[in-house]
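So the structure is just underneath, and the comments pick up after that.
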Amino acid sequence: MEKKILFGKYETGKQLGKGTFAKVFHATNLDTGENMAIKVIKKEIVKSQEMMEQIKREISVMRLVRHPNIVELKEVMATKTKIFIVMEYVKGGELFAKVAKGRLKEDVARKYFQQLISAVEFCHSCGVSHRDLKPENLLLDENENLKVTDFGLSALPEQLLNDGLLYTQCGTPAYIAPEIIRNKGYNGGKSDIWSCGVILYVLLAGCLPFQDANLMNLYRKIFKAEYRFPPWLSTEAKRLISRILVPNPQKRISITGIMKDPWFMKGFKMPNGTSSIDHEHDTFSMLDKFGRDEYLKHGGMIKSPSSPALLNAFELISSMSAGANLSSLFENKKKTESIFTSRCSATIIMAKIQLLANKLNFKVARVNGSTLRLQGPSNGRKARLLVTIEVFKVAPEVAVVKFSKISGDSQEYTKFFKEEVRPNLKDIVLTWHVEEVLSGCDKEECKIPLKSCASCKDFSQNKLEEIDITVNLSSSV
């Protein structure tokens, strides 16, 4: 079996699964020996199928929620051609495989349903609806505990229109709520509850409540909630399912109602360690402070006026789709720009740059908490050199630092950068990512992308095959 070392951190092994847009591999963390699952997605395929938004959504949702019954996202990595989503390895397989062998005992089904509802309730409390709940998206760990996965169709609050309803058809026909089929707008949370009811029926009965070879007949049965209970179901279980599989979402039982139901409550214990993703402060207090919309707008990252700008994992993924050039993260293409990544804090990075500027007799102006402006001590051939430095926080332990030449001579900037910036900042630099025409040389060949003159050859890194940018979500995100 061919094994491959990925980003110097993971050894990949056998293929665990394959879908239309991705493959999932078993992997081992070389530092800790921990088992992982890595979803490998080819950007070319998802872009051609216009699936990038779905991938972004999956990352966003998995970053937003952390719960014992939800598959944990560890980190996201990207190269110019692929996206790597590193997740907790759930070795027990799909719940579907267990159900395919026959119906479950009521106590076992109750346990899985309790864990499912606990996870769904937590998602809803974070403003997230799953929209594709089915046994195939429910995994079991080595301790037979349920884990919800596959958030590719999930809805975040910013997808709601002014009436608070969703307007896209998602889900699998047999598990889909009637209001989704009607395509007139629906509440994602209420449709999730319907899907949970179908799942409970499947666990207890060993078959689907709504079945028909003809799709329109299937939809008709769903509209009318036309199904029968097998004789072995208990009265309490039937009563709960009947309260869930109600075609009118306004009359359907709520998550809170389910959790108060006597059948559900039997032996139920709230899972320990439920939390949404924390940064340096408790997420919910941050939501109160900044508002949920602002929180979600940054993919679960909070941005305050005084802190470095935040770039989330899927902004990295989208921005690098054109190639291995981090400068595509930033808007202004006319300036000469140079970029590096660092594991140091913004405070340390900016202090280090300020010391260098003082040493060179540059004037230093602090534009804001994450931006410095440096002005050269004397006029060059084309006015005084003016450089802006911005710090963007990608994750709690990764920052992207961008140098931009605003004015002045390009050759002077090249000399300043090559002889002063690089040597003096090397102790805080993780990786340099150089723009196609990084040197800013005035010679014609240096103005052609992917070319440089002889004097600039050693300063060019135009053929980087991969960008080893890792957004680590395991420690503090």
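Residue numbers (this note's numbering): 4 to 480. A virtual CB, placed ideally from N, CA and C, is assigned to each residue, including glycine. Model, not experiment: these values are computed from the prediction.
| said: Using a 10 Å radius around the Cβ and a threshold of 16 neighbouring Cβ atoms, would you call Asp110 buried or exposed? | reply: Answer is exposed; the Cβ neighbour count stays below 16.
According to DSSP, is Gln414 part of a helix, a strand, or is it coil? Look at Gln414 here: in three-state DSSP terms it is helix.
**Message:** Excluding the 5 residues flanking Trp435 on each side, which residues of the same chain have their C-beta closer than 6 angstroms to its C-beta?
**Reply:** Phe343, listed in sequence order.
ask   = Which parts of the stretch 74-129 are runs of the beta strand (DSSP E), unbroken and 3 residues or longer, counting only runs that do not cross its ends?
value = For the stretch 74-129, whole beta strand (DSSP E) runs of length 3 or above, ordered along the chain, are 76-81 and 85-91.
**Item:** Thr152 classed as buried or exposed, judged by whether at least 16 other C-beta atoms fall within 10 angstroms
**Value:** It is buried - the Cβ of Thr152 has at least 16 other Cβ atoms within 10 Å.
* Asked: Buried or exposed: where does Ile320 fall if 16 or more other Cβ atoms within 10 Å of its Cβ makes it buried?
  -> Reliability fails at Ile320, whose pLDDT of 39 lies under 50, so the model's placement of it is uncertain and the value that follows must be treated cautiously. It counts as buried.
Notebook entry, point to check: Helix, strand or coil for Ala354 per DSSP?
Noted result: Correct three-state label for Ala354: helix.
Give me whichever residues DSSP pairs with Met2 in a beta bridge.
Because the chain here runs from 4 to 480, residue 2 falls outside it and cannot be looked at.
(request) Could you check which residue in Ala208, Leu142, Arg134 and Asp144 has the C-alpha nearest to that of Tyr178? (result) With distances taken between Cα atoms, Tyr178 lies closest to Arg134.
* To do: With Thr15 as the anchor, note down where its beta strand (DSSP E) starts and where it stops.
  => Taken as a continuous stretch (DSSP letters only), the beta strand (DSSP E) holding Thr15 covers Tyr13 to Lys21.
field: Assigned secondary structure, Phe10 (DSSP; H/G/I helix, E/B strand, else coil)
entry: Under the three-state reduction of DSSP, Phe10 is assigned to coil, being neither helix nor strand.
Give the C-beta separation of Asp264 and Leu243 to the nearest angstrom, bearing in mind that I take them to be a contact with Cβ-Cβ under 8 angstroms. Contact flag correct, Cβ pair sits at about 5 angstroms.
Cut-off 8 angstroms between Cβ atoms - residues of its own chain near Tyr230, not counting five sequence neighbours on either side:
Taken in chain order, the residues that qualify are Tyr204, Pro212, Phe213, Lys224 and Leu248.
Q. Over what stretch of residues does the alpha helix (DSSP H) that includes Ala368 continue unbroken?
A. In the DSSP assignment, Ala368 falls outside any alpha helix (DSSP H) and lies within the beta strand (DSSP E) extending over Lys366 to Asn371.
Checklist line | Contained alpha helix (DSSP H) runs [length at least 4] in the stretch 176-243, N- to C-terminal order | finding: Entirely contained in the stretch 176-243, the alpha helix (DSSP H) runs reaching 4 residues are, in chain order, 181-185, 191-208 and 218-227.
Any idea what DSSP makes of Asp461, helix, strand or coil? Residue confidence for Asp461 is low, a pLDDT of 37 falling below 50, so the modelled location carries little weight and cannot support an answer.
| message | Tell me whether Tyr230, by its Cβ, gets closer than 7 angstroms to a heavy atom of the ligand ATP. | response | This structure does not include the ligand ATP; it has no bound ligands of any sort.
Notebook entry, point to check: Span of the beta strand (DSSP E) holding Lys150?
Noted result: DSSP places Lys150 inside the beta strand (DSSP E), whose first and last residues are Leu149 to Val151.
Check your understanding: With burial defined as no fewer than 16 other Cβ atoms inside 10 Å of the residue's Cβ, what is the status of Trp235: buried or exposed?
Key -> Its Cβ having fewer than 16 others within 10 Å, Trp235 is exposed.
Inset, instruction - Output the distance between the C-alpha atoms of Asp144 and Lys150, rounded to the nearest integer angstrom. - result: Approximately 7 angstroms between the Cα atoms of the pair.
Check: Which class does Pro380 belong to by DSSP, given the choice of helix, strand or coil?
Finding: Pro380 carries a strand assignment under DSSP once its states are collapsed to helix, strand and coil.
| Residues that Ile435 bridges to, as DSSP identifies them | Before going further, note that residue 435 is Trp rather than Ile in the sequence given. According to DSSP, which records beta bridges pairwise, Trp435 is partnered with Phe343.
*Rounded to whole angstroms, what's the CA-CA distance from Ile88 to Leu33? Just pull it up for me.*
Going by the C-alpha atoms only, they are around 17 angstroms apart.
Beta-ladder partner(s) of Leu143, from DSSP = Partner(s): Leu149.
Q. Among Leu377, Phe125 and Leu359, which residue has its Cα nearest to the Cα of Val367?
A. Nearest option by C-alpha distance: Leu377.
Alpha-carbon spacing of Tyr92 relative to Pro138, whole angstroms:
One C-alpha to the other measures close to 18 angstroms.
Check: Rounded to a whole number of angstroms, what is the C-alpha to C-alpha distance between Leu98 and Leu206?
Finding: A straight line joining the alpha-carbon of Leu98 with that of Leu206 spans about 9 angstroms.
Quiz item: What's the call for Asn364, buried or exposed, on a 16-neighbour Cβ count within 10 Å?
Solution: That one is exposed.
CA-CA distance, Leu9 and Thr15?
Spanning the two alpha carbons is a distance of roughly 7 angstroms.
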